[in-house]
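Visitor:
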Amino acid sequence: MSDARAVQLWFLSSSLDFRSLVIADAFCCSLRSTVSPSLEFGMLYLIGLGLGDAKDITVKGLEVVRRCSRVYLEAYTSVLTVGKEALEEFYGRKLILADREEVEQEADNIFKDADVSDVAFLVVGDPFGATTHSDLILRATKLGIPYQVIHNASIMNAVGCCGLQLYRFGETVSIVFWTDTWRPESFFDKVKKNRENGMHTLCLLDIKVKEQSLENLIRGRKIYEPPRYMSVNQAAQQLLEIVQNHRARGEAPAITEETLCVGLARVGAEDQKIAAGTLQQMCTVSLGEPLHSLVITGGNLHPLEMEMLSLFSIPESQSTDGL
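To convert a position in the sequence shown, counted from 1, into the numbering used here, add 297.
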């Protein structure tokens with residue numbers, strides 16, 4: 298181990314206060330850029346890919362990808378509209394697919410030699426769009442591996458394309474696929490709270506990639522189900538069932554069939570689609586291929602929001618197919 302690397306590890310492992318750690322980190326970064334080329338340092342890069350196609354990566358991100366010794370592509374929290382091969386062709390690099398098991402259970406493979414050579418971890422959208430990626434940073438820090446994050450657009454800010462103002466969004470929720478024995482409704486409390494505060498709710502819809510059935514999981518068989526992506530239709534239908542459940546219990550639901558909602562598909566892609574209408578209309582609207590997102594509006598919309606949503610409104614008498 299080089300003397301410079303030893304200094305870096307000492308800083309990272311010492312019991313220093315936060316201010317001292319910030320100074321230490323800056324020192325290590327400075328040291329990394331000024332020491333002799335013969336001294337080997339590594340870096341873990343978490344790089345956002347944006348939402349569209351291969352060209353959505355930033356210039357900085359592309360430069361880093363092309364010089365890294367290994368490049369991983371996270372393949373379970375989101376998907377791009379283009380495949381792995383298109384990314385490899387544009388980046389000029391081979392990509393290693395990192396599924397949930399690789400990232401959450403076998404992360405040592407990602408960190409291997411990352412202290413002496415650069416490793417990139419590519420994430421659709423922005424690296425902090427999923428808590429898994431914060432966990433990677435924490436583990437890298439404990440191993441004494443420095444990291445750098447290169448941000449990009451994510452659905453969390455790109456949702457503004459529908460015309461709803463970003464500062465009027467409340468807490469984001471996730472809607473998962475229901476099963477015969479598991480039909481969670483707890484997220485609905487957050488929708489209610491947002492509505493009470495006049496805030497919009499962004500609903501992230503479930504993605505099932507490389508998932509095992511309960512039987513295969515119990516039997517330890519590495520057999521995976523086909524990928525599934527929740528549509529706006531499915532999310533709206535589950536929401537309506539929750540509304541009906543609340544009424545059956547004598548409770549006033551936070552939303553109704555007539556609540557104004559916005560369905561979005563493939564945001565950031567050339568063929569992105571947006572449709573604004575009632576929750577009931579969202580059950581039948583056709584938005585095409587994944588990925589889909591749903592926004593439940595908070596009521597009392599700003600006039601500019603109303604005018605923007607009118608661009609995407611579903612006419613009462615028009616078929617929703619092909620919107």
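All C-beta atoms, glycine included, are put in the ideal place defined by N, C-alpha and C.
Keep in mind it's a predicted model, so treat the numbers as computed, not measured.
Quick one: is E602 buried, meaning 16 or more other Cβ sit within 10 Å of its Cβ, or exposed?
Guide: If you draw a 10 Å sphere on the C-beta of E602, you find 16 or more other C-beta atoms in it, and that means buried.
Visitor: Going by the beta-carbon positions, is the gap between G339 and D412 smaller than 9 Å?
Guide: yes
Visitor: Taking the continuous beta strand (DSSP E) assigned at I447, which residues delimit it?
Guide: Counted as a single uninterrupted DSSP element, the beta strand (DSSP E) harbouring I447 occupies residues Y444 to I447.
Visitor: Who are the Cβ neighbours of G426 in its own chain at under 6 Å, not counting the five residues just before and after it?
Guide: S451
Visitor: For the alpha helix (DSSP H) that Q438 lies in, which residues bound it at each end?
Guide: Checking the displayed sequence, the identity of residue 438 turns out to be Thr instead of Gln. Start and end: T428 to K439.
Visitor: In the DSSP assignment, what residue or residues form a beta bridge with H589?
Guide: A562
Visitor: Excluding the 5 residues preceding and the 5 following R397 in the sequence, name in chain order all residues of the same chain whose CB lies nearer than 6 Å to its CB.
Guide: So the list reads Y373, once near-sequence residues are dropped.
Visitor: Would you kindly work out how many angstroms separate the C-alpha atoms of Q512 and D477, rounded to a whole number?
Guide: The question names Gln, yet the displayed sequence has Glu at residue 512. Going by the C-alpha atoms only, they are around 15 Å apart.
Visitor: Got a sec? Which residues, its chain only, sit under 7 Å from P524 by beta carbon, not counting five neighbours each side?
Guide: K505 and V506
Visitor: Does the stretch 559 to 570 come close enough to the stretch 463 to 470 to have 3 or more Cβ pairs within less than 8 Å?
Guide: no
Visitor: Taking just the CA atoms, how far does L377 sit from F408?
Guide: 25 Å
Visitor: According to DSSP, is K519 part of a helix, a strand, or is it coil?
Guide: Three-state result, K519: coil.
Visitor: Below 8 Å on the Cβ atoms is my contact criterion, and I expect L440 with V592 to pass it. Report the Cβ-Cβ distance as a whole number of Å.
Guide: L440 to V592, Cβ: 40 Å. No contact.
Visitor: Tell me which residue opens and which closes the beta strand (DSSP E) that Y342 is part of.
Guide: Note, Y342: beta strand (DSSP E), L341 to G345.
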